[in-house]
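Input: a single structure, listed below in structure tokens.
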Amino acid sequence: MTRHAFRLFPLAALAAACLTAPAAMAQDTPIGKNVMVELNTVKPGEGACALTFLVINGHDKPIEKAVYETVLFNADGQVDRLTLFDFGELPPGRPRVRQFSVPGLTCDNIGRVLINGAHACNAPELDESACSTGLQVNSRTEVEVVG
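The opening residue of the sequence shown carries number 21 in our numbering; numbering runs sequentially from there.
Have a look at this one:
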């Protein structure tokens, strides 16, 4: 090998690791033929709280549109609000990040997030329950996510 090959190998390895890291992080547990929704970060903004989700379609066909009815509970366990989060298009097996800014919500006051079910699931090549059957939810934050 030439001197240049030794320099390129670490860069190539680093590039490969960066490309596969999101999928590996999201797949701490096998997804199977389901949808996985992970609350990844919760960050305060100006007069709002930004909830960032990592979502993966584990099916072998695309989901053209996935909208989940989501319930936000305060720290006392009371319903703060019911909302719809539109996760948009979910290609098969590819991680997607979606962020939702919720006005008038203090991040410190979120106690739990409930994915109440699929409000809309447009996936012509899949079963009509593709977005909800076997839905896997988790959180990388202190906020509990249930579904």
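Ideal Cβ placement from N, Cα and C applies to all residues, glycine included.
Burial state of residue i (16 or more Cβ within 10 Å)
i	result
ASN60	buried
ALA95	exposed
SER149	exposed
LEU102	exposed
VAL166	exposed
ARG23	Note on ARG23: pLDDT 48, under 50, position unreliable in the model; the coordinate value appears next. The residue is exposed, with fewer than 16 neighbouring Cβ atoms inside 10 Å.
VAL99	exposed
LEU92	buried
CYS151	buried
PRO115	buried
GLU145	exposed
N- and C-terminal bounds of the beta strand (DSSP E) containing residue i
i	result
THR161	No beta strand (DSSP E) contains THR161, which DSSP labels as neither H nor E.
ASN136	130 to 142
ALA68	68 to 77
SER121	116 to 123
Inter-residue CB distance, residue i and residue j (contact presumed, cutoff 8 Å)
i	j	result
LYS85	GLU109	7 Å
GLN119	ALA70	6 Å
ASN54	GLY137	That belief does not hold up - the Cβ atoms of ASN54 and GLY137 are roughly 14 Å apart, past 8 Å.
Beta-bridge partners of residue i, as assigned by DSSP
i	result
LYS53	BP columns for LYS53 are empty, so no partner.
ARG101	LEU92
THR61	THR72
ALA150	Note: ALA150 sits in no beta bridge, so no partner.
ASP106	VAL87
**Prompt:** Are three or more beta carbon pairs between the stretch 76 to 85 and the stretch 124 to 135 nearer than 8 Å?
**Reply:** A contact between stretches requires three or more CB pairs, one per stretch, nearer than 8 Å, and the stretch 76 to 85 fails this requirement with the stretch 124 to 135.
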